[in-house]
Amino acid sequence: MKFYITTPIYYVNDIPHIGHSYTTIAADVLARWKRLNNYDVFFLTGTDEHGAKIAAAAEAKGRTPQELCDEMSLKFKEAWDILNISYDTFIRTTESKHIKSVEKIVQTLFDKGLIFKKKYEGLYCVGCERFYAQKDLDEDGCCAFHKTKPVLQSEENYFFKLSLFQEAILERITNSSNKDYIEILPEERKNEIVGKLKLGLEDVSFSRTAIEWGIPLPFDKTQTVYVWVDALINYITGVGYPDDEERFKKYWQAEVHLMAKDILWFHSVIWPAILMGTGLATPKTVYSHGFFTLNGNKMSKSLGNVISPKELADKYGVDAARYLVVTLIPFGPDGDISWEALDLKYNIDLANNLGNLISRTIKMAEKYFELKVPDTFVELELAKKTAEILKENFNENMNKLLFHKAGEALQSAIDIVNKAIESDAPWRLAKTNTQKLAKCLFSYLQAIDVIAIHFFSFMPEICKKIWKISGASGNIEDVAKKYFADNILPEKGFSIVNSTLFQPGVLFPRL
Numbered sequence: 239m240k241f242y243i244t245t246p247i248y249y250v251n252d253i254p255h256i257g258h259s260y261t262t263i264a265a266d267v268l269a270r271w272k273r274l275n276n277y278d279v280f281f282l283t284g285t286d287e288h289g290a291k292i293a294a295a296a297e298a299k300g301r302t303p304q305e306l307c308d309e310m311s312l313k314f315k316e317a318w319d320i321l322n323i324s325y326d327t328f329i330r331t332t333e334s335k336h337i338k339s340v341e342k343i344v345q346t347l348f349d350k351g352l353i354f355k356k357k358y359e360g361l362y363c364v365g366c367e368r369f370y371a372q373k374d375l376d377e378d379g380c381c382a383f384h385k386t387k388p389v390l391q392s393e394e395n396y397f398f399k400l401s402l403f404q405e406a407i408l409e410r411i412t413n414s415s416n417k418d419y420i421e422i423l424p425e426e427r428k429n430e431i432v433g434k435l436k437l438g439l440e441d442v443s444f445s446r447t448a449i450e451w452g453i454p455l456p457f458d459k460t461q462t463v464y465v466w467v468d469a470l471i472n473y474i475t476g477v478g479y480p481d482d483e484e485r486f487k488k489y490w491q492a493e494v495h496l497m498a499k500d501i502l503w504f505h506s507v508i509w510p511a512i513l514m515g516t517g518l519a520t521p522k523t524v525y526s527h528g529f530f531t532l533n534g535n536k537m538s539k540s541l542g543n544v545i546s547p548k549e550l551a552d553k554y555g556v557d558a559a560r561y562l563v564v565t566l567i568p569f570g571p572d573g574d575i576s577w578e579a580l581d582l583k584y585n586i587d588l589a590n591n592l593g594n595l596i597s598r599t600i601k602m603a604e605k606y607f608e609l610k611v612p613d614t615f616v617e618l619e620l621a622k623k624t625a626e627i628l629k630e631n632f633n634e635n636m637n638k639l640l641f642h643k644a645g646e647a648l649q650s651a652i653d654i655v656n657k658a659i660e661s662d663a664p665w666r667l668a669k670t671n672t673q674k675l676a677k678c679l680f681s682y683l684q685a686i687d688v689i690a691i692h693f694f695s696f697m698p699e700i701c702k703k704i705w706k707i708s709g710a711s712g713n714i715e716d717v718a719k720k721y722f723a724d725n726i727l728p729e730k731g732f733s734i735v736n737s738t739l740f741q742p743g744v745l746f747p748r749l
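Under our numbering, think of the first position of the sequence shown as 239, with each following residue one higher.
Rendered as C-alpha cells:
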C-alpha cells in the first residue's frame with residue numbers, strides 16, 4: 239500500500255515560523271505513523287519561489303530573485319532538519335524539472351481549448367497575488383487575509399475555463415460513492431466550499447503580463463504562468479511528472495494534501511479542475527487546518543511574537559516540541575497558543591507523566607534487580623490492557639489527524655501504568671513478596687514498550703532512547719511495524735529477561 243502526503247510549498251518571502259512548523263510536523267507525524275503501519279510513504283514539502291512579492295523583496299535587499307530564493311529555501315531546509323522532518327523530496331519551483339512540468343500541463347490545457355485570451359479588469363491584491371471579485375472582499379472592501387484594499391488593474395491575460403468543471407467538481411466533493419470522491423476536511427470547510435461552488439464558477443486568470451519572475455507560457459513568452467498555478471503543479475512534479483513515469487504512476491494520486499484554510503479553495507476546486515482538464519487523477523483528501531493566534535494576537539514580525547522552529551527546539555527539545563505543537567490544539571479549527579500553555583502541557587504530559595513513569599520504573603529496577611529485566615515468568619496483562627486502550631483511542635485518531643485526541647490516548651495509557659504501580663505498591667512487595675515484585679516490574683517495562691511504540695511518530699529519537707533504556711530487543715521501528723501488522727504482543731514481550739537496563743537521566747527536565 240502506498241501513501242502520498244504533501245504540505246503546501248511555503249512562500250519564501252518570510253522565514254519559517256510556528257505556523258509553517260505546525261503543518262509540517264503534522265504531515266511528518268502522519269507520514270511516520272503510516273510507515274509504522276507498513277505503508278510505502280512518499281512525503282513531499284518544499285518552497286514556492288516565483289511571483290511579484292519575491293521580485294520586490296529581492297530588489298529591496300539588493301539581490302537577484304534567484305539569490306533570495308536560494309537563501310530562503312535553505313532556511314526552510316534547515317528548519318525541517320532541526321525538527322527532524324522525514325520528507326522524501328524537498329521541491330523548489332525554480333528547479334528545471336518543475337518548470338518543465340508546468341510548461342507541459344499548461345500546454346496540454348491550451349491544446350485542449352481550456353485556456354483562452356481576454357482582457358480583464360479587476361481588483362488585485364498584491365499580498366495574495368490574485369484578483370478578487372467585490373463580493374469576496376470584506377465590508378470595508380479589503381482582502382480578508384491582508385486587510386488591505388486591492389487595487390484596480392487591467393490586463394490582457396490567458397484564462398482557464400474553470401466554469402466548465404463546476405458540476406463535475408461538485409459531484410466529486412459531495413458524492414462519497416463516486417470512485418473519484420474528493421474528501422474535504424474538516425466537514426465545516428467542505429460545507430463552505432460546496433456553498434461557494436453552488437453559487438457558480440467563473441473562469442480564472444492563468445497568466446500575468448507584468449510579472450517577470452515566473453515561468454513563461456510555452457505558447458506566449460510575453461506572459462508568465464500565474465504563481466498559484468505554478469505552485470499547485472508542484473505536487474505532481476514531486477513524484478516524477480512528466481519524465482519519471484514509473485514513479486509518477488506508483489505514487490500519484492495524493493492521499494492527503496495538508497494546508498492552512500486560506501488556500502483551501504485553490505486545492506479543492508481549481509487544482510482538481512486542472513487535473514481533470516489534463517486527464518490526471520484528483521487528490522483523495524484535502525485537509526485544511528485553521529489559523530492560530532499567540533496569546534490572542536495575530537503573529538507578526540512587527541509585534542515581535544513570531545516563534546521560530548529553533549526557539550521551540552531550544553526550549554523543549556526537538557521531540558517534545560514536535561509533540562506539543564500538534565497536540566496542544568485540535569488540528570482543524572482556529573486556536574490560540576501561548577508559551578504558558580506549551581509549558582503547562584510539557585510539564586504535565588511529558589515531565590510529570592511519561593518522564594516520571596520511566597524514571598520511577600528504572601529506579602525500582604536498579605534498587606531491586608541490579609538494572610536488569612527481572613528473570614520471571616512472562617506477565618503481559620498490563621501491556622495488553624495498555625495496548626487495548628491505545629487500539630481503541632489512538633489508531634483511529636491518528637488516521638483522522640486528530641492528534642490532540644491521540645495525545646490524550648497516550649496520556650491515558652501512561653495513567654493506567656502509573657495506577658498499576660500505585661496499586662501494586664512495589665516498595666512494600668520488596669519486603670514481603672519478591673517474586674510478585676519481579677512480575678510487576680516486568681509488566682511495567684512491557685507496558686512502557688507499548689507506549690513507546692505508539693509515541694514514536696511524535697517523538698522518534700526519545701522513543702529510540704526509551705527502547706534502549708527499557709531493555710527492549712531489536713530496532714523499535716522494525717518491531718513496531720511487525721507489531722502493527724500482526725496486532726499482537728510478542729510471546730515473551732519486548733523487554734527481554736536479564737537484558738541490561740539503562741538510567742534515563744532526566745528525559746524531560748521540568749520547566
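Backbone N, C-alpha and C define an ideal beta-carbon position, used for all residues, glycine too.
When the Cα of residue i is compared with those of the options, which residue comes out closest?
i      : options                           : result
Leu582 : Phe746, Thr331 and Leu375         : Phe746
Lys387 : Glu426, Tyr464 and Gly360         : Gly360
Cys678 : Trp509, Lys499, Asp613 and Ala265 : Asp613
Leu580 : Asn637, Ile596 and Val563         : Val563
Ile243 : Asp252, Pro456, Ala264 and Ser259 : Ala264
Lys291 : Glu450, Asn395 and Lys240         : Glu450
His505 : Asp376, Gly515, Trp490 and Ser526 : Ser526
Tyr277 : Val465, Leu739, Ile734 and Glu715 : Glu715
Ser708 : Ser259, Lys720, Ser733 and Ile691 : Ser733
Thr520 : Tyr561, Gly433, Tyr419 and Leu352 : Tyr419
Ile471 : Trp705, Glu440, Ala511 and Asp458 : Ala511
Leu628 : Lys605, Asp687 and Ala668         : Asp687
Gln311 : Asp252, Ile320 and Gly257         : Residue identity differs from the one stated: residue 311 is Ser in this sequence, not Gln. Nearest C-alpha to Ser311: Asp252.
Phe241 : Ile453, Leu502, Lys601 and Val279 : Val279
Starting from the C-beta of residue i, find all residues in its chain whose C-beta is less than 7 Å away, skip the five residues before and the five after it, and write them out in chain order.
i      : result
Arg485 : Val477 and Gly478
Phe314 : Tyr248, Pro254 and Thr285
Ile575 : Phe530, Leu532, Leu566 and Ile567
Tyr325 : Phe281, Leu282, Thr283 and Trp318
Arg427 : Lys499, Leu502 and Ser526
Ser597 : Pro742
Applying the 10 Å Cβ sphere with the 16-neighbour rule, what's the burial state of residue i?
i      : result
Gln741 : exposed
Asn591 : buried
Leu390 : exposed
Ala469 : buried
Asp587 : buried
Leu437 : exposed
Arg748 : exposed
Asn413 : exposed
Gln673 : exposed
Ser334 : exposed
Lys703 : buried
Thr332 : buried
Met497 : buried
Ser339 : buried
Ser443 : buried
Tell me, which residues are paired with residue i by DSSP?
i      : result
Phe732 : According to DSSP, Phe732 bridges with nothing at all.
Ile243 : Phe281 and Val494
Lys357 : Glu394
Arg330 : Thr285
Pro454 : Thr462
Tyr249 : Asp286
Leu423 : Tyr525
Ser650 : According to DSSP, which records beta bridges pairwise, Ser650 is partnered with nothing at all.
Ser445 : Val463
Phe622 : What sits at residue 622 in the sequence shown is Lys, not Phe. Its beta-bridge partners do not exist; DSSP assigns none.
Lys610 : Thr738
Val389 : Tyr362
Please list, in chain order, all residues of the same chain as residue i whose beta carbon is under 8 Å from its beta carbon, the five residues on each side excluded.
i      : result
Asn429 : none
Leu618 : Ser681, Gln684, Leu727 and Gly731
Asn543 : Leu532, Asn533, Asn535 and Met537
Leu306 : Val250, Ile292, Ala295, Ala296 and Lys299
Gln345 : Pro456 and Phe457
Val556 : Ile320, Leu321, Asn322 and Glu699
If you drop the 5 nearest sequence neighbours on each side, which residues of the same chain put their C-beta closer than 6 Å to that of residue i?
i      : result
Pro568 : His642
Asn631 : Ala647
Thr599 : Tyr682
Trp577 : none
Glu341 : Pro456
Ser695 : Val267, Arg270 and Trp271
Say whether chain D places a C-beta atom closer than 9 Å to the C-beta of residue i.
i      : result
Phe696 : Considering every chain present, this structure includes no chain D. It has just one protein chain.
*What residue ranges within the segment 456-488 form continuous beta strand (DSSP E) runs of no fewer than 3 residues, ordered along the chain?*
458-463
_Runs of alpha helix (DSSP H) lying entirely within the segment 665-725, each at least 4 residues, in chain order_ = 672-693, 698-707 and 714-724
*asked:* Ignoring anything shorter than 4 residues, give me the alpha helix (DSSP H) runs that lie fully in the segment 528-603, in order along the chain.
replied: 547-554, 556-565 and 577-583
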